[in-house]
Structures are given as C-alpha cells and as structure tokens.
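A.B. asks:
2 protein chains.
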Amino acid sequence: MALHRQNSGLAEKCPIRGVLDRLGDRWTVLLLIELSSGQTLRFTELRRRVEDISPRMLAQTLRHLEEDGLVVRHVHATVPPRVDYTLTALGHSFFERVSGLIDWADQHQHLVRAARAAYVAPAANAPM
Amino acid sequence: MALHRQNSGLAEKCPIRGVLDRLGDRWTVLLLIELSSGQTLRFTELRRRVEDISPRMLAQTLRHLEEDGLVVRHVHATVPPRVDYTLTALGHSFFERVSGLIDWADQHQHLVRAARAAYVAPAANAPM
DNA sequence: CCGGATCCCTTTGGATACTG
DNA sequence: CAGTATCCAAAGGGATCCGG
Numbered sequence: 004m005a006l007h008r009q010n011s012g013l014a015e016k017c018p019i020r021g022v023l024d025r026l027g028d029r030w031t032v033l034l035l036i037e038l039s040s041g042q043t044l045r046f047t048e049l050r051r052r053v054e055d056i057s058p059r060m061l062a063q064t065l066r067h068l069e070e071d072g073l074v075v076r077h078v079h080a081t082v083p084p085r086v087d088y089t090l091t092a093l094g095h096s097f098f099e100r101v102s103g104l105i106d107w108a109d110q111h112q113h114l115v116r117a118a119r120a121a122y123v124a125p126a127a128n129a130p131m
Numbered sequence: 004m005a006l007h008r009q010n011s012g013l014a015e016k017c018p019i020r021g022v023l024d025r026l027g028d029r030w031t032v033l034l035l036i037e038l039s040s041g042q043t044l045r046f047t048e049l050r051r052r053v054e055d056i057s058p059r060m061l062a063q064t065l066r067h068l069e070e071d072g073l074v075v076r077h078v079h080a081t082v083p084p085r086v087d088y089t090l091t092a093l094g095h096s097f098f099e100r101v102s103g104l105i106d107w108a109d110q111h112q113h114l115v116r117a118a119r120a121a122y123v124a125p126a127a128n129a130p131m
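Line by line, the protein sequences give chains A and B.
Residue 4 is where the first sequence starts when you use the working numbering, and the numbers rise one by one after that.
Residue 4 is where the second sequence starts when you use the working numbering, and the numbers rise one by one after that.
1) What runs of the alpha helix (DSSP H), each 4 residues or longer, lie entirely inside the stretch 92-130 of chain A?
2) Establish whether the CB of A:I56 and some CB of chain B are separated by less than 8 Å.
3) Are B:P58 and B:R51 closer than 8 Å when you measure CB to CB?
4) Let me confirm a value: A:G41 is counted as buried when at least 16 other C-beta atoms fall within 10 Å, else exposed. Which label applies?
5) Report the CB separation of B:V74 from B:G103 in whole angstroms; it is logged as a contact under 8 Å.
6) So what does DSSP say about A:T89, is it helix, strand or coil?
7) At the 8 Å Cβ level, is A:G103 part of the contact set with chain B, yes or no?
8) Any C-beta of chain B sitting closer than 8 Å to the C-beta of A:V115?
9) Who are B:V75's beta bridge partners in DSSP?
10) Rounded to whole angstroms, how far is the Cβ of B:L26 from the Cβ of A:L23, which I believe are closer than 8 Å?
11) Which of helix, strand or coil does DSSP assign to B:R45?
12) For the candidate residues B:R119, B:Q112, B:T89, whose alpha-carbon lies nearest to that of B:R66?
13) Got a sec, what are the start and stop residues for the alpha helix (DSSP H) A:V22 sits in?
14) Looking at chain A, is there any beta carbon in it that lies within less than 8 Å of the beta carbon of B:P130?
15) Would you kindly work out how many angstroms separate the C-alpha atoms of B:A121 and B:H113, rounded to a whole number?
16) Tell me, please, whether the CB atom of A:G94 is closer than 8 Å to any CB atom in chain B?
17) If you follow the alpha helix (DSSP H) that B:A62 is part of, which residue opens it and which one closes it?
18) A:V101 and A:L33: beta carbons closer than 8 Å?
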C-alpha cells in the first residue's frame, strides 16, 4: 500500500505520475464531474449519482481526493451522521484541465472509433 | 481482453472512459511525451528513453495507441527489422490536452504535496 | 531487432456483511 | 447514514523464452 505499484522512483522523477495515477482509477473523474458544479454533496447522494460505485470505492476515492486537497470533507456531529463533500479551489482548477480532456474525447470520439474499427492487427507470426 | 473491466455499459455512457482508460496505464503518457516533439522513434529508441518499460508493455502500449489512431507504425522491410513510430495529427491534438494536465501537475504539485503532508487520516472506528 | 506467447505475482476493485 | 473489514475474482504488468 505504501508504494503505488512498486515505482522504483518513477513518481519522484515525474510529478505527473502522482496526478495521473489518480486519473487512472475508474471513479475519480466521475466524482469530479459530479462535484464540478460546485455543489456540496453527501456520501449517499454521490452514491446515488454515480450509480454503480460500491461504498468501498466511493469512500476510498473520496479519501484520495481529500488527501490531495482537491475535495473537502465536512463531518456533521449529528445522529444519524452526515458527511458532505465539496470541491476545493484546487479541485476546480484541476477539473478545468480534466474537462479539457473530456471535451477532446467528446469531439474526437468518432475519429478514435473509426480508427479502432479500421484497425487490423499486425497479424502475429503464427497465421493462427 | 474483450471487455475492459466488465463495464456494464459504462464505456457506452461515457465516451470519456474509452479515452481515460488508456491514460490510466502506466506508460501511455510517458510514450506520448517522448513522441510529442514530432520525432519519429523506433522501438529500441523508445525503450531506451522510457528506461524501465518492458518490451512487452512497450509493444502493447504502442499497439493501443496505434489502434486508436494516435500513433502510426511504420515497418521497414529490412533485415534486421526496423519499426518506427510517429504521433499522428490526432495524437498531437490529444497530447495538447494531456500536456494541460501535465502543466497543472507541475504548477500545483507543491500544493498537492502540502495537502498530502498535512493530511491526517480520519481515524478508523477502532482506536487500534 | 522487433515483438509475440507464456508464466506468475501483484494490484485493483466488486460484493457482502458489519459497526458507531 | 457513513463508512470499514474481509473475501475473492479479474486485470495489470514483469521476466523470460522464442521466432521471424
């Protein structure tokens, strides 16, 4: 758990990795999208919105975001408990870039799809 | 191999996923960076530059990029064989967005680092 | 020299059950 | 309600061997 995929110092060389590794997981981006409107959302609400995320992954992903300072977690000392999450300024600035990527995907998805459809594997040495 | 993490249609709902899933793997971004200058590089050269990538992952990642139309692969019919790779226009346009992310990471890494350092885990229910 | 095939360990993440 | 703990299946990815 300490080292993220036994990086032999790769993360140190690239500050990039520390950021992109988070993008890699399935849920980070989805959660950022939900929070990007600036709304404060509680655990259950996020769970409802993201639909098929398990409580485990929701908690874990939110923890990571919080740890990186992209999200603030606010615990109400009530019973039943209530915890809600908001994107920080840093989170918003990060999301700006991510949304650039999303836009690109949106605009070019047809090209990527076309490329994938047209693609023929280089045929392994064995004909089959 | 057919379905990327048994997506129950998530990839269909989000064209985004199809793109971001690729970013998730360890090497895609590194390769894009190497190729982003517009240089045409051969397999071995890429291998040298990325340093600790295994030939397997290099081949696989390049295949994915090629499949998506971000990279072109050119095989010289010589012996010994020689294969080289170049970023396509699509690849360059994609990289623009990715580099936005990289810049962000560069500019804000100190904030993220600070947040991580300051972070104290919410302490599990069990005191220990 | 390029890169496929195989083996195998590591990590990720889903389902479920349980607690403050 | 908001998580945590445990168990388990699937994917990621390194090492190695091999063939064109």
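For every residue, glycine included, the Cβ atom is placed at its ideal position computed from N, Cα and C.
C.D. replies: In this structure, then:
1) 92-121
2) no
3) no
4) exposed
5) Rounded, the Cβ-Cβ distance is 20 Å, inconsistent with contact.
6) Residue state, collapsed to three classes: strand.
7) yes
8) Yes - at least one Cβ of chain B is within 8 Å of the one on A:V115.
9) B:T89
10) 6 Å
11) strand
12) B:T89
13) For A:V22, the enclosing alpha helix (DSSP H) begins and ends at 18-27.
14) Unreliable positioning characterises B:P130 in this predicted model, as indicated by a pLDDT of 43, which lies under 50. The coordinate reading is nonetheless provided below. No, B:P130 lies away from the interface with chain A (no Cβ there is under 8 Å from its Cβ).
15) Computed Cα separation, rounded: 12 Å.
16) no
17) 58-70
18) Against a cut-off of 8 Å, the Cβ pair of A:L33 and A:V101 comes out as no contact.
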